[in-house]
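> Here the protein sequences come in this chain order: A and B. Counting with our numbering, you get residues 1 to 462 for the letters of the first sequence. Counting with our numbering, you get residues 1001 to 1462 for the letters of the second sequence.
Number of protein chains: 2
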Amino acid sequence: MNPLSSPLLADFYQFTMLQTYLEQEMQQIAVFELFVRKLPPGRNFLVAVGLEQVLEFLENLKFSDEELDWLATRFPPHVINYLEHFHFEGDVHAMPEGTIFFPNEPILRITAPLPQAQLVESRIINLMHFETLIASKATRSVLVAPDKLLVDFGMRRAHGAEAGLLASRASYLAGFSGTATVLAGALYDIPVYGTMAHSFIQAHSYESTAFEHFARSHPDNTILLIDTYDTEAAAVKVVILADKLKADKIRIKGVRLDSGDLAEFAINVRQILNKGGLEKAIIFASGNLDEYRLHDLLSSNVPIDGFGIGTALDISSDAPSLDCVYKLQEYAGKPRRKRSEGKATWPGRKQIYRSYGDDGCMAGDIVALEENDPQEGERLIQLVMRAGRRLRPNQSLHEMRHLTIANYRRLPVSMAALEPAPMYRVSISVALQALANQLDMEQVSLDQEISQTRQHIKQYVE
Amino acid sequence: MNPLSSPLLADFYQFTMLQTYLEQEMQQIAVFELFVRKLPPGRNFLVAVGLEQVLEFLENLKFSDEELDWLATRFPPHVINYLEHFHFEGDVHAMPEGTIFFPNEPILRITAPLPQAQLVESRIINLMHFETLIASKATRSVLVAPDKLLVDFGMRRAHGAEAGLLASRASYLAGFSGTATVLAGALYDIPVYGTMAHSFIQAHSYESTAFEHFARSHPDNTILLIDTYDTEAAAVKVVILADKLKADKIRIKGVRLDSGDLAEFAINVRQILNKGGLEKAIIFASGNLDEYRLHDLLSSNVPIDGFGIGTALDISSDAPSLDCVYKLQEYAGKPRRKRSEGKATWPGRKQIYRSYGDDGCMAGDIVALEENDPQEGERLIQLVMRAGRRLRPNQSLHEMRHLTIANYRRLPVSMAALEPAPMYRVSISVALQALANQLDMEQVSLDQEISQTRQHIKQYVE
């Protein structure tokens, strides 16, 4: 059982429901859409990421003998027979990765026989929710510091290995420069950064020896960590070492600060480096950083050239989850609508149309029905998988990253800021509203059932 | 490259440092300890979990050809040669899983040649940090609702698949009853729970048909979801259905509420079920729950028998990370101490001694040196791996769960509550304090180096 691709990455109810669907011959086409119900506090928009992993999961979905054996202890033979031949045969529509989106706009649609579409729910949410969460968080640092080196430092405190890896991918796609996580570099071809930890300095008797040892091993990657004992004294050691290394044509590339008052240290260290002839050496900062700290440092013109962002990025610390759901919108050709208070959904298969103003900036979206409801604007939802097979060769991560950064240029200025912006305009098309109303009217049979049952309640409640 | 066991699950600096260690022949024994610097707000203690996954990682650590090929594009041949034969040969000391612990108490110690001990840092933190985080969160629900059915519902919004799986394991070890995540059940032998989603109800034209279909498929697992349309009306349908199913000897086991005012609905639904002769049917609740909501519901005696806890559990929503670090405490036989302001560490290899009062409750801990510093109390740190091999067969998860629950009985009453308790007493032994002072004194050479360098600063700063 592969923990990252097993079809048992599902909630148990997906299998109990599946059994009933099979027994009741409920295998007609179901349409589920994935969307976020509301923005978390402090976010003006979200960035859709995770589609690649979803498509890979769906394309390779099958049950191993071991998985079937486990299920056979809980489900009858006809369920196991069905699962033995299971593969995903549905269609997937989605926004391209890196698309900016808003609440109630579907970012992914699954169209498949009901048991299939239901079975894949939990892992689809699990993948899209997390990567979208992290990309949306990373975007904020990219918007605050567009010209700085931004590196994902968060794997150690990410929630497990997959979170660390997908956080590297999502943040790179959102515009980060790279990651410290080696495996993310190897798997996704993301630039990898890193030099030394405090333990490296401490394992040496002298800090200056540690610096020199490192520089001699890594003449092209000499970013020296200078805050283990006395940051300014260490900056002077760097200057002295740079002089010494000139003879061997080794150049000090920069220094890293990881604690203390970053603003004060950066200013003093910059001065020391400059006076020591190391004007080109960069200052890289890390340690409890997030987009707010970046904003504070950069708006006071603190001379820092790059940032390592760890925990706050990989767990999206100020908003560690999204209210992300996967809802049935149609079954057997009939649109469905959940009417629960505050949780009502827009029924049917939907398309999003985005308009742009004369300045090129996003000016408003319309949520419309996919069919017979044409609107002005760019269509955001595309067919990406037909009958279980991906439609076209994937874009590279680098290409998607460029497109994502291009999308930021079309954000209205207020929305690109960290502060809350006026709500972006997302309208519901007349036809979609009419369909929702019509469904509510048609649900008379359901209402009659409820009101008949309510009569009975009197028997039970005085 | 296996994303969950690859030795590339490391920060890049672990490899750059390794190269220098090899080139400088720095392969003597290093001692690193893992500890948490401070409690997150709202926690009175933490519960150590994740050791099993760490030992498995260390025992199986080796480089594949593919991994070596990738590294060979960045590191010289002598590094690749070393890694080709790499396996972890160190010792591991740790607290047993399920041990209650406090800031500055090491929960894991690695004793290994420096390049080995350094290479495994990031994945060790990644595993121990997350499982400890989740077990510590789960414990709070178990303490609030010790006699209720508590089920992990959080996989879909956990941060990736591994987080979902490890959250099931950590919460079960901490006393939860089980999980909804099928793969966690299959991998760890955790009880698995689940019946139906709203989409199941919506795919049927009538709610009562959905209920009956499910009951006929799953006569032993009929927990019916009753909040899709009108919760109380649905409860009446359940009573009517129960009557109808008696002929077929099918018993309704219970109902689930997932939205609305859970207290009000539970009280009304209980009344309907009781008057309908379903006194034994349980009420299970889910939907945005955490330990605070459980506490509110149970302290008002709301008749709920079990809870599904999702997002808040799997992301530890109120404290999604711990200040968890892995620090060099000794190298080449010499204790090391990081002296940075506010981040000073206690040097050397340590043992924790725990005392209990006459009432059997925990009364205080002493952090002492492992050798020649005997103290009263229970020793919490044990040798669990010697020279890269585990010492004894693992305890089962079920056994660890029982021991964990037994540990809760020894918590002082105030610490077992949700509210902040007075700080638990953790003292530093006289010998450990003396060692720290002695190291500070001995670091005169380092201080001299710094003060000499500080002289130079004048050249650079006016």
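Even glycine gets a Cβ: it sits at the ideal position worked out from N, Cα and C. These numbers were taken from a predicted model, which means no experiment stands behind them.
1) Please tell me whether B/Leu1294 has its Cβ less than 8 Å away from any Cβ of chain A.
2) Any residues in the stretch 188-202 of chain A with a beta carbon nearer than 7 Å to a beta carbon of chain B? Which ones, in chain order?
3) Note down, in chain order, all residues in the stretch 159-172 of chain A with a beta-carbon under 7 Å from any beta-carbon belonging to chain B.
4) Determine, using beta-carbon pairs with one atom in the stretch 34-51 of chain A and one in the stretch 413-430 of chain A, whether at least three such pairs fall under 8 Å.
5) On a Cα-Cα basis, can you pick out the residue from A/Glu378, A/Thr73, A/Ala235 and A/Glu291 that is closest to A/Tyr353?
6) So, at 8 Å on beta carbons, what are the nonlocal neighbours of A/Val236 in its own chain, with the 5 sequence-adjacent residues on each side left out?
7) Specify the secondary structure class of A/Gly287 as computed by DSSP and reduced to three states.
8) Determine, using beta carbons only, whether B/Lys1343 comes closer than 8 Å to chain A.
9) Using a 10 Å radius around the Cβ and a threshold of 16 neighbouring Cβ atoms, would you call A/Val384 buried or exposed?
10) What beta strand (DSSP E) runs, 3 residues minimum, are completely inside the stretch 290-335 of chain A?
11) Note down, in chain order, each residue of its chain lying with its Cβ closer than 6 Å to the Cβ of B/Arg1349, except the 5 sequence neighbours on either side.
12) For the stretch 1102-1130 of chain B, which residues have a beta carbon sitting closer than 8 Å to at least one beta carbon of chain A?
13) Could you tell me if B/Asn1126 is buried or exposed, where buried requires 16 or more neighbouring beta carbons within 10 angstroms of its beta carbon?
14) Note down, in chain order, all residues in the stretch 1074-1091 of chain B with a beta-carbon under 7 Å from any beta-carbon belonging to chain A.
15) Are the C-beta atoms of B/Glu1023 and some chain A residue less than 8 Å apart?
16) Using CA coordinates, which residue listed in B/Asp1318, B/Asp1323 and B/Gln1329 is at the minimum distance from B/Ala1138?
17) Quick one: list the residues of chain B neighbouring A/Lys338, beta-carbon separation under 8 Å, in chain order.
18) My understanding is that B/Ile1315 touches B/Ala1281, with C-beta atoms under 8 Å, so please give their C-beta distance in whole angstroms.
19) Against A/Asn60, what residues of chain B qualify as contacts under a CB-to-CB distance less than 8 Å, listed in chain order?
20) Of all the CB atoms in chain A, is at least one closer than 8 Å to the CB of B/Met1441?
21) Mapping the DSSP letters down to three states, classify A/Asp91 as helix, strand or coil.
22) Under the assumption that B/His1198 contacts A/Ala158 (Cβ atoms under 8 Å), give the Cβ distance between them as a whole number of angstroms.
23) Could you tell me whether the Cβ atoms of B/Leu1018 and B/Gln1118 are closer together than 8 Å?
24) Would you mind working out which of A/Asp91, A/Ile405, A/Glu56 and A/Gln53 sits nearest A/Leu114, comparing C-alpha positions?
25) Unbroken beta strand (DSSP E) runs of length 3 or more, entirely within the stretch 1045-1069 of chain B: which are they?
26) Please list, in chain order, the chain A residues whose beta carbon lies closer than 7 Å to that of B/Ser1217.
27) Nearest to A/Ser171 by alpha carbon, out of A/Glu56, A/Ala48 and A/Leu4?
28) When you compare the stretch 326-345 of chain A with the stretch 360-368 of chain A, are there three or more beta-carbon pairs, one atom per stretch, that lie closer than 8 Å?
29) In three-state terms, what does DSSP make of A/Val367?
30) Relative to the C-alpha of A/Phe475, which candidate in A/Ala431, A/Met95 and A/Ser177 has its C-alpha closest?
31) Closest by CA to A/Arg425, which one among A/Pro103, A/Ile110 and A/Leu262?
32) Could you check what DSSP says for B/Ile1252 in three-state terms: helix, strand or coil?
33) Classify B/Ile1190 as helix, strand or coil using the three-state DSSP reduction.
34) Since A/Phe63 meets chain D, which of its residues come closer than 7 Å, beta carbon to beta carbon?
35) Quick one: give me the first and last residue of the beta strand (DSSP E) that B/Ile1223 is part of.
36) For A/Ser355, which residues does DSSP report across the bridge?
The relevant details are as follows:
1) no
2) Val192, Tyr193, Gly194, Thr195, Met196, Ala197, His198, Ser199, Phe200 and Gln202
3) His159, Gly160, Ala161, Glu162, Ala163, Gly164, Leu165 and Leu166
4) Touching, yes, given that three or more Cβ pairs across the two stretches are closer than 8 Å.
5) A/Glu378
6) Ile272 and Gly276
7) coil
8) yes
9) buried
10) List check, beta strand (DSSP E) in window: 306-309 and 324-331.
11) Val1031 and Glu1370
12) Listed in sequence order: Leu1114, Gln1118, Glu1121, Ser1122, Arg1123, Ile1125, Asn1126, Leu1127, His1129 and Phe1130.
13) B/Asn1126 should be labelled buried.
14) none
15) Answer yes: the Cβ-Cβ gap between B/Glu1023 and chain A drops below 8 Å somewhere.
16) B/Asp1318
17) His1198, Gln1202 and Thr1228
18) B/Ile1315 to B/Ala1281, Cβ: 32 Å. No contact.
19) The contacting residues do not exist; A/Asn60 stays about 14 Å from chain B at best.
20) no
21) A/Asp91: strand per DSSP, three-state reduction.
22) 31 Å between Cβ atoms; not a contact.
23) yes
24) A/Asp91
25) 1046-1048
26) Gln19, Thr20 and Glu23
27) A/Ala48
28) no
29) strand
30) Since the first residue shown for chain A is 1 and the last is 462, residue 475 of chain A is missing from the structure and cannot be characterised.
31) A/Pro103
32) coil
33) coil
34) This model lacks chain D altogether; the protein chains it does include are A and B.
35) Ile1223 to Leu1225
36) A/Gly364
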